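S.K.: Handing you this structure, nothing more for now.
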Amino acid sequence: MELYKDNQLKIYNSLSKSKELFTPVTEGRVGMYVCGPTVYSNVHLGNVRTFMSFDVVFRYLLHLGYKVRYVRNITDAGHLENDADEGEDRISKRARLEEIEPMEVVQRYTVDFHETLAEYNFLPPSIEPTATGHIVEQIEMIHEIMDKGLAYEVNGSVYFDVLKYSKSAHYGILSGRKMEDAIHNSRALDGQSDKKNPQDFALWKKADERHIMRWPSPWSEGFPGWHLECSVMSTKYLGDQFDIHGGGMDLKFPHHECEIAQSHTCSGKTPVNYWMHANMLLLNSQKMAKSTGNFVLPKEIITGDNSVLSKAFAPSVVRFFNMQAHYRSILDFASDALEASEKGYYKLMEAVNSLDNLEAGKTSTFDVTSWKQQCYTAMNDDFNTPILIAHLFEAVKVINQIKENKASLISEDLEIFKATINAFVFDVLGLTNETKQDSSDKIDGVVELLIKLRKEARDNKDWALSDQIRDELIALGIQLKDGREGTTFSIN
Ligand SMILES: [Zn+2]
């Protein structure tokens, strides 16, 4: 169904810093590019948040009936530390530390990335191109930029001439950086760099002896600059001018600014119509950093194998928690907030699970049509998932009222109600129905009941019954422990 025809989707465009009505280049089709991970270590929780935000964007566009081509790359040709043009490439560094081939590093962490995203129920992108698979195209783009007179070669490396570019185009158009602040690395100033100006950035770097990942080129045996691969792969698969480009806030400068400069130089066009940036993530109100120990891997949240959160959380709880904040707000990952989300998530699932048992009534006491419209209005307003979730909780209330015969819906309304809830919960938000916690809650309740009965037996000096309860629970692997505060239990 072409729902997009009835929906006025607005997207906050980082380029204009305002919400704009979304009009794709080709009616009914959307081209979307999101900067993927550099596969030199386990995927970072902050990156998972960014990718999850775009997973929901992808899902909603599909739900609206668009044919979406979603490209998310894999950076496997290690770029340099601190996104600078000097220093050691991160993949090579990790290969040296682990004493393995760089391509083994790439393979190991690509697999980890895919496994993690699958656990969190991500839809795979339409194309997932790799930087190393597009070296030929990257060399071609460097030629094009050199032909336009906007790149120069020094000692086997090629740099983009930012100052020259800025005479005819606006460098800083996305990030708002002024030329004097658009310096690409501090080491350029100490005379070690071949660059003409500190604002220039590398398109090709000559490899030193230590650098293992290298390819032949007309300029030297070396490797491409990081910014180049995204210009190459986005335009190759989506065209010179495409709809949406996304990424984390931290990529605005220099990465996305450089992408615009490169692509614009080659095609003469504005490459991207809507730039979207997801905000950062904090852990316990602080910046996440391995060095301070304030760090958790996405997989460790699921297993509970970490020291920063109170317990393990199901992937859908984490996803639900993410969606309770808007993608442009900072998200603070903290135990108490996650526990609150967990309660909300299971409340929502309980209601969703009872949908099939609801029976139609003779009248409708709730305006389903207007409620459904509000759900769409929330998502059409720059993918406002927290507002959508608030509307879903209104639905939970109605479901519970119907169960208690305090509300009713006629058959037609009930069908719309069910279909809308299912579509937004599962298709758009990408939640899965996890009931494990639910059944363990029930077991807890049953054991508590048996403890109460055992206490009554003991109070009545019915030792035979109280021992029987204890022994049969032990046989089931449930251990009772009597203490001053009462009886507690553990399940093995
Ligand atoms: Zn990129």
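Residue numbers for the sequence shown, in the working numbering: 15 to 506.
Virtual Cβ for every residue (Gly too), placed ideally from N, Cα, C.
On a predicted model such as this, the values are computed, not experimentally measured, just so you know.
Who are Met290's beta bridge partners in DSSP?
M.R.: Met290 pairs with Gly260.
S.K.: Taking 7 Å as the cut-off, is the C-beta of Cys272 nearer than that to any heavy atom in ligand 1?
M.R.: The answer is no for Cys272.
S.K.: Closer than 7 Å: is that where the CB of His269 sits relative to any heavy atom of ligand 1?
M.R.: Yes, ligand 1 has a heavy atom inside 7 Å of this Cβ.
S.K.: For ligand 1, list every residue whose C-beta falls under 5 Å from any of its heavy atoms, going in chain order.
M.R.: Any residue whose Cβ sits closer than 5 Å to a heavy atom of ligand 1 makes the list: Cys49, Cys244.
S.K.: Are Pro312 and Tyr123 close, meaning C-beta to C-beta below 8 Å?
M.R.: Not closer than 8 Å, so no.
S.K.: Am I right that Val85 and Ile141 are in contact with their C-beta atoms under 8 Å? What's the rounded C-beta distance?
M.R.: With a Cβ gap of about 5 Å, Val85 and Ile141 count as contacting.
S.K.: For the alpha helix (DSSP H) holding Trp229, just list the boundary residues, first then last.
M.R.: Counting along the chain, Trp229 falls outside any alpha helix (DSSP H), and DSSP gives it neither H nor E.
S.K.: By Cβ distance below 7 Å, which residues in the same chain neighbour Phe397 in space, the five residues on each side in sequence not counted?
M.R.: Result list for Phe397: Val70, Val71, Tyr74, Tyr341, in chain order.
S.K.: Restricting to runs no shorter than 3 residues, where is the beta strand (DSSP E) found entirely within the segment 146–213?
M.R.: List check, beta strand (DSSP E) in window: 165–168, 171–174.
S.K.: Suppose the cutoff is 7 Å on Cβ atoms and the five residues either side in sequence are ignored; what does the same chain contact list for Ser245 look like?
M.R.: Answer for Ser245: Met155, Glu273, Gln276, Ser277, listed in chain order.
S.K.: Under the three-state reduction of DSSP, which class applies to Met46: helix, strand or coil?
M.R.: Three-state result, Met46: strand.
S.K.: If the criterion is Cβ atoms closer than 8 Å, does the pair Asn509 and Met302 meet it?
M.R.: Absent from the model: residue 509. The displayed extent of the chain is 15 to 506, so no value can be given.
S.K.: Using the C-alpha atoms, what's the distance from Phe174 back to Thr215?
M.R.: Note on identity: in this sequence residue 215 is Phe, with Thr being the wrong assignment. Rounded to whole angstroms, Phe215 to Phe174 spans 5 Å at the Cα level.
S.K.: Using the DSSP secondary-structure output, state which residues sit across from Trp240 in a beta bridge.
M.R.: DSSP, once it has assigned bridges, lists no residue as partnering Trp240.
S.K.: How is the alpha helix (DSSP H) around Tyr360 delimited, first residue to last?
M.R.: That run of the alpha helix (DSSP H) goes 349–367.
S.K.: In angstroms, rounded to a whole number, what distance separates the CA positions of Asp476 and Ile505?
M.R.: So the alpha carbons of these two residues sit roughly 25 Å apart.
S.K.: Can you give the Cα-Cα distance for Ser30 and Thr37, rounded to whole angstroms?
M.R.: Going from the Cα of Ser30 to the Cα of Thr37 covers about 15 Å.
S.K.: Tell me which same chain residues have a C-beta within less than 8 Å of the C-beta of Arg228, skipping the five on either side of it?
M.R.: Cβ within range, chain order: Ala221, Glu235, Gly236, Phe237.
S.K.: Take Gly253 and list the residues in its own chain whose beta-carbon comes closer than 8 Å to its own, dropping the five residues that flank it on each side.
M.R.: The residues are Val39, Gly45.
S.K.: Does the beta-carbon distance from Glu271 to Leu217 come in below 8 Å?
M.R.: In this structure, Leu217 does not lie closer than 8 Å to Glu271 by Cβ.
S.K.: Using 8 Å for Cβ pairs, my map puts His148 next to Met247. What's the rounded Cβ distance?
M.R.: At roughly 6 Å, the Cβ-Cβ gap stays under 8 Å, so His148 and Met247 are in contact.
S.K.: Counting pairs of Cβ atoms below 8 Å between the segment 372–384 and the segment 352–359, do you hit three or more?
M.R.: Contact between the segment 372–384 and the segment 352–359 is absent, because fewer than three Cβ pairs lie under 8 Å.
S.K.: For the alpha helix (DSSP H) that contains Asp254, what are its first and last residues?
M.R.: Asp254 -> no alpha helix (DSSP H), and no H or E assigned at all.
S.K.: Does the beta-carbon of Phe431 have 16 or more other beta-carbons within 10 angstroms, so that it is buried, or is it exposed?
M.R.: Phe431 is buried by the Cβ-count criterion.
S.K.: Among the residues of its own chain, which have a CB less than 6 Å from the CB of Leu323, if the five just before and after it don't count?
M.R.: The residues are Ser349.
S.K.: Check each candidate in Gly50, Val48, Tyr18 and name the one with the smallest Cα separation from Leu35.
M.R.: Of Gly50, Val48, Tyr18, the residue nearest in Cα terms is Tyr18.
S.K.: Nearest-angstrom Cα distance between Arg201 and Lys266?
M.R.: With a pLDDT of 47 at Arg201, under the threshold of 50, the predicted position of this residue should be treated as unreliable, and no value is reported.
S.K.: Do the segment 457–467 and the segment 403–414 meet, that is, are 3 or more Cβ pairs less than 8 Å apart?
M.R.: With a cut-off of 8 Å, the segment 403–414 and the segment 457–467 do not count as touching, because too few Cβ pairs lie within range.
S.K.: Once DSSP output is grouped into helix, strand and coil, what is the label at Glu95?
M.R.: Because Glu95 carries a pLDDT of 46, less than 50, the predicted location of this residue cannot be relied on, and no value is offered for it.
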